[in-house]
Amino acid sequence: MAVATETEILEGLAKIIDDIVGIDKAEVTPEKNFIDDLDIDSLSMVEIAVAAQDEFGVEIPDDELRNLKTVKDVIDFVQKLKA
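If you're matching positions, the sequence shown starts at 9 in the numbering used here and goes up one per residue.
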């Protein structure tokens, strides 16, 4: 499988976030912090991580999830694992 582009990952992640917490996809941009900017709690982050694992075919360990603070962090993490 080809490495997904940043745009493809962002679009997929934005859809997941919209589906789980109802944040409009246009609000989900790379620089946004999940807690401070998007007001996503830790339980919702776990749901987002599980959905992202299914969507992108990657494993996001719990200890790594704590380090993913921004949308860009998740994009970079997925790209690194898919490389």
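Each residue gets a CB set at the ideal place from its N, CA and C atoms; glycine is no exception. Computed from a predicted model, the values in this text were never measured in an experiment.
- In the DSSP assignment, Val82 falls within the unbroken alpha helix (DSSP H) covering 79 to 90.
- For Asp71, the enclosing alpha helix (DSSP H) stretches over residues 70 to 73.
- Under the 8 Å Cβ criterion, the region 78 to 85 does not count as touching the region 26 to 35, having fewer than three qualifying pairs.
- With respect to the C-alpha of Asp49, the residue from Gln61, Glu19, Arg74, Thr15 having the closest C-alpha is Arg74.
- Counting along the chain, Gly20 sits inside the alpha helix (DSSP H) bounded by residues 14 to 29.
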